[in-house]
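One structure is given below, encoded as structure tokens.
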Amino acid sequence: MTARPDARSAAWEALRGVAAGKGDAEPLLRKLLAGSDLPPVERRLAFELTLGTLRKRGCLDYGLERYLTRPLRELHPDLRELLRLGAYQLLELDRVPAYAAVDRTVELARNFSTTRKAAGLVNAILRRLSEGRPEPPDREADPVGHLTVTGSHPRWLVKRWLERYGFDETARLCAVDNEPPETFVFLNPFRATGEDFLKIVPGAEAVEGFPGCYRLARGADLTSRWAYAQGKVYAADPATALAAMALDPRPGEIILDACSAPGGKLFHLHRLAGLGLKTVALDISPRRCAVLAENINRLGLPAAAVVGNLKLPPFAGRSFDKILLDAPCSNTGELRRRVEARWRRRPEDIKALARLQLDLLTSASRLVKSGGLLAYSTCSLEPEENEGVVGRFLGGRGDFRRVPAAAGLDDDLRGRFGDAGGDIRALPHRTGTDGAFVALVRRVR
Numbered sequence: 029m030t031a032r033p034d035a036r037s038a039a040w041e042a043l044r045g046v047a048a049g050k051g052d053a054e055p056l057l058r059k060l061l062a063g064s065d066l067p068p069v070e071r072r073l074a075f076e077l078t079l080g081t082l083r084k085r086g087c088l089d090y091g092l093e094r095y096l097t098r099p100l101r102e103l104h105p106d107l108r109e110l111l112r113l114g115a116y117q118l119l120e121l122d123r124v125p126a127y128a129a130v131d132r133t134v135e136l137a138r139n140f141s142t143t144r145k146a147a148g149l150v151n152a153i154l155r156r157l158s159e160g161r162p163e164p165p166d167r168e169a170d171p172v173g174h175l176t177v178t179g180s181h182p183r184w185l186v187k188r189w190l191e192r193y194g195f196d197e198t199a200r201l202c203a204v205d206n207e208p209p210e211t212f213v214f215l216n217p218f219r220a221t222g223e224d225f226l227k228i229v230p231g232a233e234a235v236e237g238f239p240g241c242y243r244l245a246r247g248a249d250l251t252s253r254w255a256y257a258q259g260k261v262y263a264a265d266p267a268t269a270l271a272a273m274a275l276d277p278r279p280g281e282i283i284l285d286a287c288s289a290p291g292g293k294l295f296h297l298h299r300l301a302g303l304g305l306k307t308v309a310l311d312i313s314p315r316r317c318a319v320l321a322e323n324i325n326r327l328g329l330p331a332a333a334v335v336g337n338l339k340l341p342p343f344a345g346r347s348f349d350k351i352l353l354d355a356p357c358s359n360t361g362e363l364r365r366r367v368e369a370r371w372r373r374r375p376e377d378i379k380a381l382a383r384l385q386l387d388l389l390t391s392a393s394r395l396v397k398s399g400g401l402l403a404y405s406t407c408s409l410e411p412e413e414n415e416g417v418v419g420r421f422l423g424g425r426g427d428f429r430r431v432p433a434a435a436g437l438d439d440d441l442r443g444r445f446g447d448a449g450g451d452i453r454a455l456p457h458r459t460g461t462d463g464a465f466v467a468l469v470r471r472v473r
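Structure below.
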């Protein structure tokens, strides 16, 4: 791609891939760097440049458009991503001298066919930007615009959160989303002990309230370690365990994990109930189901991965004691991990997802035995996708009754994650975890 591949050229290629819809940033960048001879310091810089540019896109775009004569959206996508990459180095990386950030970005522009003629524009815009960060919109006069820029989130999402949480909480939530996420792992009790794990991963800290969960040191890459490869651990945020904890799985029960891939909730069910639990893992995507099967095998779980559509399930009605439905959602509770998601979503997605979620919940309900439990969970913060879906599901029907999901948590966790209605709700800026919602309903007839 360029005459001298390095961290910046790799980051630019990953950003172009994201913009072209080729995938998410981290897997794209890992694939690009596979087999590369870049030293570790350059690899780390490539990840910081890629993920940082995506996280800070809102404030970067604001700064760039102060000096452009036409909107960024009208530029060629390759040029747009290159300008953002250069702006990130100027505005967010103190250790990169301004002249070096400008010169290297201009060099990249000259070495690529779609941006070669715009090298002069890149030089001019970045040099003007290097003179100082433009002031954001006034907080009092335009609070939505202020947080859209300083918090680097889409305007429509900031507006929703401001109406729900107020200015200070929304600012904290945006700030948390822009921090690199911590890495957590859960010990696989069927493959390892806590003592073994702490020997091979020094510096890991136990997470209070979540037995078997550990926080790793910043920058730890567990995927390259034998503990991960041999299924001794599963990497997941503590909030991912809440739905399984609410469902309280028991040995001998038959549980359906609907929308199961990549298998984190399935792992938590077995981690809590042991290998005597009988589970079926369903997912509509053959590609994702292949990943699910790999994780089942790696973790040693006695579960079957089934490709199927929950709306047309390959199971008889009322055949499961319990069901865990982790529904597709907007992912607004995981924006620090899913750095692209905030820019991909549109306001209309919320209503469309809520309709899909209600359809899935209704379909799943037909598979629950009398007296059985159905846990509905998302990683969204949006009410329409959470309590709104559950309320519409229960409205006008008497065969299901809501039960308090938080009752399955201990006192400390209930105080931290239980809401006034008895549901489980994790908010990143309050709970220190990814966002999550869990509601529980029981079939009463």
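Residues 29 to 473 (my numbering) make up the sequence shown, in order. Here a beta-carbon is modelled for each residue, glycine too, at the ideal position from N, C-alpha and C. These numbers were taken from a predicted model, which means no experiment stands behind them.
Here the C-alpha atom of residue 198 lies approximately 18 angstroms from the C-alpha atom of residue 209. Burial is judged here by how many other beta carbons sit within 10 angstroms of a residue's own beta carbon; residue 373 has at least 16 and is buried. Cα atoms of residue 337 and residue 312: separation of roughly 5 angstroms, rounded to the nearest angstrom. In the DSSP assignment, residue 446 is bridged to 452.
For the pair residue 406 and residue 80, the Cα-to-Cα distance works out to about 26 angstroms. For residue 75, the three-state secondary structure derived from DSSP is helix.
Of the residues 422, 297, 366, the one whose Cα lies closest to the Cα of residue 354 is 297. Here DSSP, grouped into helix, strand and coil, assigns residue 309 to strand. The DSSP-derived three-state label of residue 321 is helix. Under DSSP, residue 396 shares a beta bridge with 348. Here DSSP, grouped into helix, strand and coil, assigns residue 131 to helix. Going by DSSP, residue 468 is part of the beta strand (DSSP E) stretching over 464-471. Counting only runs of 4 or more residues that sit fully inside the segment 205-293, the alpha helix (DSSP H) segments are 222-228, 254-257, 270-275, in chain order. No Cβ-Cβ contact shorter than 9 angstroms links residue 445 with residue 396. DSSP places residue 343 outside any beta strand (DSSP E), giving it a letter other than H or E.
Residue 202 and residue 120 have their alpha carbons spaced roughly 16 angstroms apart. Under DSSP, residue 333 forms a beta bridge with 309. Selection 326, 339, 318, 343 evaluated against residue 333 yields 318 as nearest (Cα-Cα). As the crow flies, the alpha-carbon of residue 204 is around 6 angstroms from that of residue 457.
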